[in-house]
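Take a look at the structure below.
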Amino acid sequence: MKIGIIKERKNPPDKRVVLSPKKCKQILKDYPQLQIKVESSNIRVFKDEEYTKEGIEVVSDVSDCDLLVGVKEVPIEFLIPNKEYFFFSHTIKKQAYNRNLLRSILEKNIKFYDHETITNKRGIRLVAFGRYAGIVGAYNGFRAYGLKFNCFNLPKAEELISQQYLIDELKKVKLPNIKIVLSGLGRVGRGAKEMLDGMELKEVNITEFLNNSFDEPVYVNIDSLDYNKRKDGFVKSEYDFFEHPGAYESNFMRFAKVADLYIAGHFYGAGAPKIISAEDIKSKEFHIKVIADISCDFGPIASTVRASTIKDPIYGFNPQTGEEIDYKNENAIAVMAVDNLPCELPKDASEGFGESFAEYIIPSFFNNDEEGILRRARVTGKGKLKRRFKYLQDYVDGKE
Numbered sequence: 012m013k014i015g016i017i018k019e020r021k022n023p024p025d026k027r028v029v030l031s032p033k034k035c036k037q038i039l040k041d042y043p044q045l046q047i048k049v050e051s052s053n054i055r056v057f058k059d060e061e062y063t064k065e066g067i068e069v070v071s072d073v074s075d076c077d078l079l080v081g082v083k084e085v086p087i088e089f090l091i092p093n094k095e096y097f098f099f100s101h102t103i104k105k106q107a108y109n110r111n112l113l114r115s116i117l118e119k120n121i122k123f124y125d126h127e128t129i130t131n132k133r134g135i136r137l138v139a140f141g142r143y144a145g146i147v148g149a150y151n152g153f154r155a156y157g158l159k160f161n162c163f164n165l166p167k168a169e170e171l172i173s174q175q176y177l178i179d180e181l182k183k184v185k186l187p188n189i190k191i192v193l194s195g196l197g198r199v200g201r202g203a204k205e206m207l208d209g210m211e212l213k214e215v216n217i218t219e220f221l222n223n224s225f226d227e228p229v230y231v232n233i234d235s236l237d238y239n240k241r242k243d244g245f246v247k248s249e250y251d252f253f254e255h256p257g258a259y260e261s262n263f264m265r266f267a268k269v270a271d272l273y274i275a276g277h278f279y280g281a282g283a284p285k286i287i288s289a290e291d292i293k294s295k296e297f298h299i300k301v302i303a304d305i306s307c308d309f310g311p312i313a314s315t316v317r318a319s320t321i322k323d324p325i326y327g328f329n330p331q332t333g334e335e336i337d338y339k340n341e342n343a344i345a346v347m348a349v350d351n352l353p354c355e356l357p358k359d360a361s362e363g364f365g366e367s368f369a370e371y372i373i374p375s376f377f378n379n380d381e382e383g384i385l386r387r388a389r390v391t392g393k394g395k396l397k398r399r400f401k402y403l404q405d406y407v408d409g410k411e
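Per the working numbering, the sequence shown starts with residue 12, numbered consecutively.
As structure tokens, this is what we get:
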């Protein structure tokens with residue numbers, strides 16, 4: 012079997028890669044029957060020479076490889092027919108802007124696996140960049156706060172080389188006695204929490220956060236049932252919210268009344284109630300002035316009207332008009348909603364992602380997919396959608 016690590020061609024450029032030079036070397040040691048070729052790139056965080064140094068072949072053409080592996084969407088004109096591919100397609104939620112990409116994958120008879128669909132038997136994702144989104148998103152949230160109130164000026168995350176450098180910069184900052192609410196206990200939330208703990212901020216419980224005043228900055232980490240409540244007041248189990256999201260309504264305003272900074276690292280599923288509605292954010296009781304929306308889903312948080320960019324990561328939201336304004340305006344809520352945050356920490360993100368890819372995906376090709384990982388992750392094959400992804404047919408056909 013021959014794996015080709017493809018050059019990232021989507022704009023804006025993405026420096027990440029699925030497998031680092033050292034991870035490639037380790038995989039070849041563990042699976043001597045495997046071959047790995049790396050398509051030459053002047054963008055990738057790891058230089059061509061670093062792969063060559065580890066004995067990995069760098070080439071200008073990977074079309075002779077059986078499996079082609081990348082991070083972001085492959086531009087349609089670069090898709091090679093009749094190959095196997097792994098990358099993030101951003102199609103499985105029926106994203107309209109990538110409809111033609113999935114159509115082309117089918118037309119070119121590509122056996123396609125989406126990184127987002129790689130799960131265990133319980134449906135839990137096995138490979139993801141979420142932790143690094145949380146790490147960078149939390150950092151950017153504090154950076155936005157400093158710029159909004161002109162109280163400190165952190166360098167951009169992309170200018171620093173590792174998570175520890177981000178933490179070191181944050182520890183130099185003297186925060187006022189603000190209250191920070193962090194939503195999410197998954198990969199994203201845990202990554203963000205690493206940063207708050209790295210800063211040695213005090214974590215408090217919900218009761219303390221809502222009712223007490225402090226002489227130092229504090230944070231609370233909340234889960235879905237802390238900021239959503241069942242309309243009839245009867246919660247059947249901890250999984251009830253995910254099984255019946257329509258039975259719930261947001262209870263986030265109790266946090267919004269006392270918090271200064273909101274770091275949103277939650278998972279937002281179809282049918283779930285809005286976390287911050289347009290009515291909520293207009294309220295005189297709404298106290299939050301900076302929102303770092305790491306999840307960057309459109310709908311759950313009223314102030315996230317668009318994704319921002321690494322180059323220009325912060326914009327202002329006027330809660331009364333719903334319009335975008337200068338984030339330094341005294342009436343504005345400063346919004347950080349970069350949708351490709353791990354790109355700002357490409358080396359750490361690539362190494363972490365590669366660990367998971369090597370642990371779960373590579374063995375599946377050699378153990379007859381005994382855990383069913385490949386079977387569950389395969390979106391297309393023989394020019395058709397696989398059974399688990401038949402729900403995308405209307406999307407492909409342009410009917411929705």
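Positions of the beta carbon are idealized from the N, C-alpha and C atoms, including for glycine.
What is the DSSP secondary structure of Gly333, reduced to helix, strand or coil? coil
Whole-angstrom C-beta distance between Pro24 and Ile54, which should lie under 8 Å: 5 Å
Delimiting residues of the beta strand (DSSP E) encompassing Ser261: Tyr259 to Ser261
Tell me the residue span of the alpha helix (DSSP H) that contains Ile178. Gln174 to Lys182
Identify, in the order they occur along the chain, each residue of the same chain with its Cβ nearer than 8 Å to the Cβ of Ser71, setting aside the five sequence neighbours on each side. Glu50 and Ser51
Cα-Cα, which of Ile189, Asn188, Glu254 and Ala168 is closest to Asp179? Ala168
Indicate the three-state DSSP secondary structure (helix, strand or coil) for Arg20 in the structure shown. coil
Measuring from the CB of Asp75, is there a heavy atom of the ligand HEM at a distance below 7 Å? Judged by which ligands are present, the structure shown has none, so any question about the ligand HEM falls away.
Across the stretch 123-140 and the stretch 180-195, are there enough close Cβ pairs to call them in contact, namely three or more that are closer than 8 Å? Because the criterion of three Cβ pairs below 8 Å is not met, the stretch 123-140 and the stretch 180-195 do not touch.
What did DSSP end up calling Gln404 once you bin it into helix, strand or coil? helix
Less than 8 Å separating the beta-carbons of Arg27 and Val82? yes
Determine the DSSP secondary structure at Met264, reduced to helix, strand or coil. helix
Among Tyr230, Glu88 and Tyr259, the one whose alpha carbon lies nearest that of Asp243: Tyr259
Would you call the stretch 136-148 in contact with the stretch 348-367, where contact means no fewer than 3 C-beta pairs closer than 8 Å? Under the 8 Å Cβ criterion, the stretch 136-148 counts as touching the stretch 348-367, having at least three qualifying pairs.
Just curious, the alpha helix (DSSP H) that Asn93 is in, first and last residue? For Asn93, there is no enclosing alpha helix (DSSP H), as DSSP gives it neither H nor E.
Cα separation between Leu78 and Ile87? 17 Å
Pull up the distance between the alpha-carbon of Phe99 and that of Phe123, whole angstroms please. 10 Å
Touching or not, the stretch 225-245 and the stretch 150-160, by the rule of three or more beta carbon pairs under 8 Å? no
Pairwise C-alpha distance: Tyr42 and Glu170: CA-to-CA, the gap between Glu170 and Tyr42 works out to about 36 Å.
Can you check which of these residues, Lys410, Arg389, Lys393 and Val231, is closest to Phe400 by C-alpha distance? Comparing Cα positions, the closest option is Arg389.
Environment of Gln174 [buried if 16+ CB atoms lie within 10 Å]: buried
Can you check whether the CB of Asp234 is closer than 8 Å to the CB of Leu196? Yes, the pair counts as a contact, with Cβ atoms nearer than the cut-off.
Proximity of Gly145 and Gly276 at Cβ, strictly below 8 Å: yes
Could you give the distance in angstroms between the alpha-carbon of Val85 and the alpha-carbon of Lys94? 13 Å
How close, in whole Å, do the beta carbons of Phe220 and Val269 come, if the pair is a contact with beta carbons under 8 Å? 7 Å
For the beta strand (DSSP E) that contains Arg241, what are its first and last residues? Asn239 to Arg241
Report back the beta-carbon spacing between Lys285 and Gly310 to the nearest angstrom; my notes put them in contact at under 8 Å. 7 Å
Which two residues bound the contiguous beta strand (DSSP E) that contains Gln46? Gln46 to Glu50
Looking at Met12: is its Cβ nearer than 8 Å to the Cβ of Phe376? yes
Whole-angstrom Cβ separation of Ile274 and Gly152, contact assumed at under 8 Å? 5 Å
For a quick check, are the C-beta atoms of Leu39 and Leu45 less than 8 Å apart? yes
On the DSSP bridge assignment, give the partners of Lys10 in chain order. Only positions 12 to 411 of the chain appear in the structure, and residue 10 is not among them; the question remains open.
Under 7 Å Cβ to Cβ from Lys21, same chain only, skipping five residues before and after it: list those, please. Lys83, Glu84 and Pro86
Evaluate Arg398 with the Cβ neighbour count: other Cβ atoms within 10 Å of its Cβ, from every protein chain shown; 16 or more gives buried, anything less gives exposed. Counting every other CB atom within 10 Å of its CB across the protein chains shown gives Arg398 a total below 16, marking it as exposed.
Confirm, please, whether the CB-CB distance from Pro92 to Lys48 is below 8 Å. no
Tell me Glu214's beta-bridge partners as DSSP assigns them. Tyr230
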